[in-house]
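In UniProt numbering, the protein residues as written are 1 to 348.
Notes to accompany the following structure.
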């Protein structure tokens with residue numbers, strides 16, 4: 001019953017098989033190998049246009065380097081107040097962007113709203129040197145609350161960003177989970193909705209360490225290879241990142257893995273509700289934030305369940321935890337089993 005994080009799961013069998021398959025022989029280094037070229041072309045196919053794609057090892061690197069491509073002196077990057085880049089990346093985005101400020105924008109369900117974004121950007125008017133320059137906007141898909149932006153919501157945030165002529169970045173650590181829920185194409189959820197650069201996450205969904213920065217305008221990617229090299233994320237044996245992605249994309253593995261994780265989360269949420277529990281936020285992807293009695297939490301831990309207490313912020317009075325309750329975070333993955341879910345609900 002391990003619901004601590006999708007990062008705790010191993011690598012998907014298809015990914016491990018691909019690593020073994022591509023291990024034999026020699027191949028050019030530093031991303032000049034044929035497999036890296038082939039997987040880069042695969043990204044063009046997936047996104048229905050020519051993109052500039054750069055492999056990196058971690059989500060923090062993908063986010064920070066992507067934002068660094070748009071950095072300005074005195075730059076201010078706007079994101080949700082609870083965004084991973086603002087709360088959980090140890091100032092890496094600030095460091096990689098040369099000291100940009102990450103301005104938090106509050107919003108319900110973990111989402112930036114167009115109105116909230118416009119109001120936040122208004123505090124940094126163009127040409128006022130004392131307040132810095134609006135440089136970029138970042139959203140997370142799925143959010144830190146496990147919710148998902150609809151296509152219209154993404155487009156509306158982009159419209160607000162466009163009013164200040166700045167790019168829209170998407171932190172797609174759980175990109176596949178969001179994609180499966182929306183039932184749309186990768187193109188629909190990114191550049192067609194106004195996203196300029198994507199941090200394409202694969203590690204949480206079955207890879208070992210494979211993330212990518214995807215630019216939808218090649219001009220914006222000019223010089224990015226130097227940012228990546230300076231940031232220490234140019235792999236000498238890049239074929240092994242490409243190999244992971246080869247297995248990830250093979251036969252729709254990535255979408256099947258995300259669909260399974262989402263389904264397990266939905267079953268957990270429904271089972272919790274059936275027993276009189278509730279969730280802090282909508283369960284749109286593979287994260288569940290149940291509010292349970294502390295005694296239930298203790299019983300679950302005693303039975304071997306792994307899950308975390310989570311801050312319950314900005315919840316309405318009928319949802320917020322009572323004095324004897326606690327908000328928890330549970331994350332499912334491709335490796336979560338039916339038995340895990342059934343056992344959890346039985347103990348509950």
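Ideal Cβ placement from N, Cα and C applies to all residues, glycine included.
Distance, residue j Cα to residue i Cα
i	j	result
residue 208	residue 11	5 Å
residue 289	residue 282	9 Å
residue 180	residue 130	44 Å
residue 324	residue 330	19 Å
residue 262	residue 164	36 Å
residue 305	residue 344	7 Å
residue 235	residue 307	33 Å
residue 168	residue 162	9 Å
residue 27	residue 99	38 Å
residue 9	residue 33	29 Å
residue 379	residue 23	Given that the chain is displayed from residue 1 to residue 348, the structure contains no residue 379 and the question cannot be resolved.
residue 160	residue 199	21 Å
residue 157	residue 49	22 Å
residue 334	residue 206	7 Å
residue 25	residue 237	12 Å
residue 337	residue 152	34 Å
residue 143	residue 105	13 Å
residue 193	residue 80	19 Å
residue 295	residue 321	13 Å
residue 40	residue 303	45 Å
residue 128	residue 188	36 Å
residue 116	residue 342	41 Å
residue 166	residue 126	12 Å
residue 271	residue 346	9 Å
residue 218	residue 224	10 Å
residue 195	residue 299	44 Å
residue 13	residue 251	13 Å
residue 319	residue 311	13 Å
residue 38	residue 213	16 Å
residue 191	residue 293	43 Å
residue 103	residue 118	12 Å
residue 315	residue 184	30 Å
residue 74	residue 18	44 Å
residue 256	residue 97	35 Å
residue 88	residue 44	31 Å
residue 349	residue 150	With the chain running from 1 to 348 in the structure shown, residue 349 is simply not present.
residue 59	residue 51	19 Å
residue 182	residue 317	30 Å
Contact check, residue i vs residue j, beta carbons under 8 Å
i	j	result
residue 244	residue 348	no
residue 123	residue 78	no
residue 154	residue 178	no
residue 221	residue 241	no
residue 76	residue 133	yes
residue 332	residue 265	yes
residue 135	residue 72	yes
residue 101	residue 249	no
residue 291	residue 278	yes
residue 47	residue 186	yes
residue 29	residue 233	no
Cβ-Cβ separation, residue j to residue i (assumed contact under 8 Å), whole Å
i	j	result
residue 63	residue 171	5 Å
residue 297	residue 328	6 Å
residue 309	residue 326	6 Å
residue 202	residue 254	7 Å
residue 5	residue 83	The Cβ separation is near 17 Å, so there is no contact.
residue 197	residue 175	With a Cβ gap of about 13 Å, residue 197 and residue 175 do not count as contacting.
residue 246	residue 146	29 Å between Cβ atoms; not a contact.
residue 340	residue 1	5 Å
residue 20	residue 239	Actually they are not in contact, since the Cβ atoms of residue 20 and residue 239 sit about 13 Å apart, beyond 8 Å.
residue 204	residue 7	6 Å
Residue-level contact to chain D via CB, residue i, 8 Å cutoff
i	result
residue 338	The chain inventory of the structure shown lacks chain D, comprising one protein chain alone.
* Return the chain-ordered ranges of every alpha helix (DSSP H) run that is complete within the region 67-102 and spans a minimum of 4 residues. => 84-87 and 92-96
* Asked: If you pair each beta-carbon of the region 54-68 with each one of the region 84-103, do three or more pairs fall below 8 Å?
  -> yes
* Is the region 44-55 touching the region 103-122 in the sense that three or more CB pairs, one from each, lie closer than 8 Å? -> no
* To do: Specify whether the region 218-238 and the region 253-262 touch according to this definition: at least 3 beta carbon pairs, one from each stretch, less than 8 Å apart.
  => no
* **Length at least 3, wholly inside the region 291-332: the beta strand (DSSP E) runs in chain order** => 325-331
* **Uninterrupted beta strand (DSSP E) stretches inside the region 99-128 (no shorter than 3 residues)** => 101-105
* To do: Would you mind listing the beta strand (DSSP E) stretches within the region 7-69 that are 3+ residues and don't spill past its ends, in chain order?
  => 52-56
* Can you list, in chain order, the stretches of the beta strand (DSSP E) that have 3 or more residues and sit fully within the region 157-241? -> 168-172, 197-201 and 211-215
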